[in-house]
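Enquirer: My questions will all concern the structure given below.
Residue numbers (the numbering used here): 356 to 877.
Pasting the structure below:
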């Protein structure tokens, strides 16, 4: 696998033992640092936060002197490095072998081997690993795994320096005649958590050493201006070999010099420039990288919920505060509002422009509903952050109508058949703050046919504190107790869903009077 954290950093004492064993291995490889650049290092570290399924506490970002800040790349796609045999994305950063990367770059070359051609690789990265041992480590890694055709001296030039290797013995481990790894930074031990600040700062004189403090990376490499551009929020797409910029020495290449190292010296993709061109030099200026930008701007709150607001009236403004937590000023663009009800929200105030490092600005938003609705929603977008616009969810409400029906019951006086009673009135009142709409007035129940109604409610909007009326009559169909219900259907609910108010109706029919006696003959 191209980049797998070895047990060399699981614990500091063990790391030292393994490092010593490695350097004394049968490769008989002597490391001679040459042309090491002036001290370079990651310069800044963010506050800590929990990451991954174990809520492992890590710095939210590491930054370089250009102001570029990178967060753990935990997206479950190729844009972030997916560690083999671990779940993709954040799920893979879990005990005991989880790994996450702030920055990762691979340079790949097919070098002459013994015999044939072998894959050689330069790996550079800033990694967090071992989430619970007893606390995670964060370290910078420089690894060379190179196959060579014969014993001898080989000089490797890479973006952060130069190293020379004297290979005294060839190995049967293909592509690892040179197998050199330096992990430096902040390491947790069985008795003490890592001091994450040790992953910043320059290497000691002579260069970083295994299990020591410091980082050689300053600044981080980034894609150059050659198209395609990286995806928004990332330094690269994670798969495309691409030219880079950022080397403090100007050597944005992975180059190996040594006798017969280039199996295809006429290939322009791997040929070295004059006077190095030929079979004894091979290089590439293409790197595959994985890195996710850390946000420099943040917003609080992330949503605004407006209280019930009468249609056609404007609310008081609610405020979103934008904070620049980066080390440089950031220009905030003009905020915009989009979404289903965007026209009902407005930016009322805006103090955001060039926000200094550590500074804040504010945006005021108002809500003016244009119609009664169960929900009003939109989104405020604030451009300026390298990871993409900040978004604030906007929601509002219009006060629901409230229906009050009086009286609660209607009882008609006894009514003689076949006559019709006098009218009795039911009043529907809107005690809410939005118009009430009555969709139907109906009679139901066993003896509904014995009652009749007319109304002024259906088809009109009953305004706040307004009323409409239902006029009822009773005409008994038999000489007995009769009952039914008056059912008023309206939108008196917080969601404007149909609701009903029911009024019981009662009356008693009495027999018709006997016919008058027939006249008698006198």
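Where is the CB? At the ideal position from N, CA and C, for every residue including glycine.
Measuring CA to CA, which of 670, 837, 852, 456 is closest to residue 644?
Expert: If we check each option's Cα against that of residue 644, 456 comes out closest.
Enquirer: Measuring only the C-alpha atoms, how far is residue 447 from residue 453?
Expert: Roughly 6 Å separates the two Cα atoms.
Enquirer: Who are the Cβ neighbours of residue 414 in its own chain at under 6 Å, not counting the five residues just before and after it?
Expert: Closer than 6 Å at the Cβ level, and outside the excluded window around residue 414, lie 400, 401, 403, 551.
Enquirer: Between which two residues does the beta strand (DSSP E) holding residue 859 run?
Expert: Its beta strand (DSSP E) spans residues 854-865.
Enquirer: If you reduce the DSSP assignment to three classes, tell me which class residue 551 lands in.
Expert: Helix.
Enquirer: On the CB-based measure, 16 or more other CB atoms within 10 Å of its CB, does residue 532 come out buried or exposed?
Expert: The residue in question, residue 532, is buried, as its Cβ has 16 or more Cβ neighbours within 10 Å.
Enquirer: Let me make sure I understand the geometry here. Which of 666, 779, 563, 867 has the alpha-carbon closest to that of residue 754?
Expert: For the residues 666, 779, 563, 867, the minimum Cα distance to residue 754 belongs to 666.
Enquirer: Under three-state DSSP, which class holds residue 612?
Expert: Residue state, collapsed to three classes: strand.
Enquirer: Can you grab the Cα-Cα spacing for the pair residue 547 / residue 541, in whole Å?
Expert: About 11 Å.
Enquirer: Using three-state DSSP, classify residue 516 as helix, strand or coil.
Expert: Here residue 516 sits in strand by DSSP.
Enquirer: Out of 444, 530, 854, 481, which one is the CA nearest neighbour of residue 475?
Expert: Ranking 444, 530, 854, 481 by Cα distance to residue 475 puts 530 first.
Enquirer: Relative to the alpha-carbon of residue 696, which residue among 751, 686, 625, 674 has its alpha-carbon at the smallest distance?
Expert: Here the closest residue by C-alpha is 751.
Enquirer: Quick check: what's the CA-CA separation for residue 384 versus residue 579?
Expert: Since pLDDT at residue 384 reaches only 42, below the 50 mark, its modelled position is unreliable, and the value read off the structure follows with that caveat. Using only the alpha carbons, I get a separation of about 35 Å.
Enquirer: Using the three-state DSSP reduction, which class does residue 447 fall into: helix, strand or coil?
Expert: Reduced to three states, the DSSP call for residue 447 is helix.
Enquirer: What separation, rounded to the nearest whole angstrom, lies between the Cα atoms of residue 360 and residue 484?
Expert: With a pLDDT of 42 at residue 360, under the threshold of 50, the predicted position of this residue should be treated as unreliable, and no value is reported.
Enquirer: Among residues of its own chain, excluding the 5 on either side of residue 690, which ones have a beta-carbon nearer than 7 Å to its beta-carbon?
Expert: Cβ neighbours of residue 690 beyond the five flanking positions: 702, 705, 718, 735, 736, 737.
Enquirer: Could you have a look at residue 538 and say whether DSSP puts it in helix, strand or coil?
Expert: Correct three-state label for residue 538: strand.
Enquirer: Could you tell me the alpha carbon to alpha carbon distance between residue 629 and residue 407, rounded to whole angstroms?
Expert: In a straight line, the C-alpha of residue 629 is about 49 Å away from that of residue 407.
Enquirer: Can you tell which of 554, 825, 646, 839 has the C-alpha that lies nearest to the C-alpha of residue 806?
Expert: It is 839.
Enquirer: So the beta strand (DSSP E) residue 454 belongs to, where does it begin and stop?
Expert: Start and end: 454-467.
Enquirer: Mapping the DSSP letters down to three states, classify residue 303 as helix, strand or coil.
Expert: Lying outside 356 to 877, the shown extent of the chain, residue 303 is not represented and no answer is given.
Enquirer: Quick one: measure Cβ to Cβ for residue 694 and residue 767, integer angstroms, because I've assumed they're closer than 8 Å.
Expert: Wrong, their Cβ atoms sit about 54 Å apart, outside the cutoff.
Enquirer: Pair every Cβ in the segment 618-628 with every Cβ in the segment 644-655, then say whether three or more of these pairs are closer than 8 Å.
Expert: Taking 8 Å as the limit for Cβ pairs, the verdict is that the segment 644-655 does not touch the segment 618-628.
Enquirer: Answer yes or no: do residue 860 and residue 841 have a C-beta to C-beta separation smaller than 8 Å?
Expert: It is a contact, given that the beta carbons lie within the stated cut-off.
Enquirer: Assuming residue 675 contacts residue 659 under a Cβ cut-off of 8 Å, what Cβ separation, rounded to an integer in Å, is found between them?
Expert: The pair is a contact, with the Cβ atoms about 7 Å apart (cut-off 8 Å).
Enquirer: Is the Cβ-Cβ distance between residue 749 and residue 720 less than 8 Å?
Expert: Against a cut-off of 8 Å, the Cβ pair of residue 720 and residue 749 comes out as a contact.
Enquirer: What span of residues does the beta strand (DSSP E) with residue 784 cover, start to end?
Expert: Residue 784 -> beta strand (DSSP E) spans 779-785.
Enquirer: In this structure, how does DSSP classify residue 845 when only helix, strand and coil are distinguished?
Expert: In the structure shown, residue 845 sits in a strand (DSSP, three-state: E or B).
Enquirer: Along the chain, where does the beta strand (DSSP E) that runs through residue 772 open and close?
Expert: Neither: residue 772 is in no beta strand (DSSP E) and is coded neither H nor E.
Enquirer: What's the call for residue 820, buried or exposed, on a 16-neighbour Cβ count within 10 Å?
Expert: Looking at its Cβ environment, which holds fewer than 16 other Cβ atoms inside 10 Å, residue 820 is exposed.
Enquirer: For residue 698, does the three-state DSSP call read helix, strand or coil?
Expert: Three-state DSSP puts residue 698 in a helix.
Enquirer: Should residue 307 be labelled buried (16 or more other beta-carbon atoms within 10 Å of its own) or exposed?
Expert: Residue 307 is absent from the structure shown; the chain starts at 356 and stops at 877.
Enquirer: Comparing alpha-carbon positions, which option in 442, 571, 435, 724 lies nearest residue 588?
Expert: Per the Cα distances, 435.
Enquirer: With a cut-off of 8 Å, do at least 3 Cβ pairs link the segment 791-801 to the segment 769-777?
Expert: As far as the Cβ criterion goes, the segment 791-801 does not touch the segment 769-777, which means the pair count is below three.
Enquirer: Can you tell me which of the three DSSP states residue 797 falls into?
Expert: Note: residue 797 maps to strand in three-state DSSP.
Enquirer: Would you check if the distance between the CB atom of residue 687 and the CB atom of residue 615 is smaller than 8 Å?
Expert: No, the pair does not count as a contact, with Cβ atoms beyond the cut-off.
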